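Novice:
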């Protein structure tokens, strides 16, 4: 895993809950996390029974929860800290996955480039010249004419016409 993600819950502010009112603790999260960090935070905060009505405000980089009373303030603070810690671990794992995917993509791109080069080389060996020689508009470069079905029909038709006129 990478280094610990730098996001942390700061000292909460006692205020009114933004969704439905009531007393709430609002925890600023710093530095401001990316949106996908907040998705994980919603999951962790919502799963903890000590956090009543967690309400993230990602744009303001904070999360609000109902303050259940003086006796439970430390439990709520500890639960927010645990949710942030778990979210940071998810964040680190996601960064590791993205780095791994990026490395696999780079390796895959290099292998793909080699494969395409090998295919082009095989085609070039079969068809060494792309510019037709004079008088050989349909030559494939090896002295034989192209044998596509349409070319074969045209050749047959020309031979029939020559035989009739000749």
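Residue numbers (this note's numbering): 1399 to 1564. Cβ atoms here follow ideal geometry from the backbone N, Cα and C, with glycine treated the same way. Computed from a prediction, not measured in an experiment: that's the story for all the values here.
1) Please give me, in chain order, every unbroken run of the beta strand (DSSP E) with length at least 3 that falls completely inside the segment 1432–1466.
2) Alpha carbon to alpha carbon, how far is residue 1414 from residue 1495?
3) DSSP puts residue 1427 in a beta bridge; with which residues?
4) What are the partner residues of residue 1422, as DSSP defines its beta bridges?
5) Excluding the 5 residues flanking residue 1470 on each side, which residues of the same chain have their C-beta closer than 8 angstroms to its C-beta?
6) So, is the C-beta of residue 1518 closer than 9 angstroms to a C-beta in chain D?
7) Quick one: residues in its chain with C-beta nearer than 7 angstroms to the C-beta of residue 1479, no 5 flanking neighbours on either side, listed in chain order?
8) Helix, strand or coil: which one does DSSP assign to residue 1525?
9) Take residue 1488 and list the residues in its own chain whose beta-carbon comes closer than 7 angstroms to its own, dropping the five residues that flank it on each side.
Specialist: Looking at the atomic coordinates:
1) 1453–1455, 1460–1464
2) 39 angstroms
3) 1407
4) The bridge partners DSSP lists for residue 1422 are 1413, 1464.
5) 1448
6) Any reference to chain D falls outside this structure, which holds one protein chain only.
7) Only 1407 meet the Cβ criterion.
8) Correct three-state label for residue 1525: coil.
9) 1438
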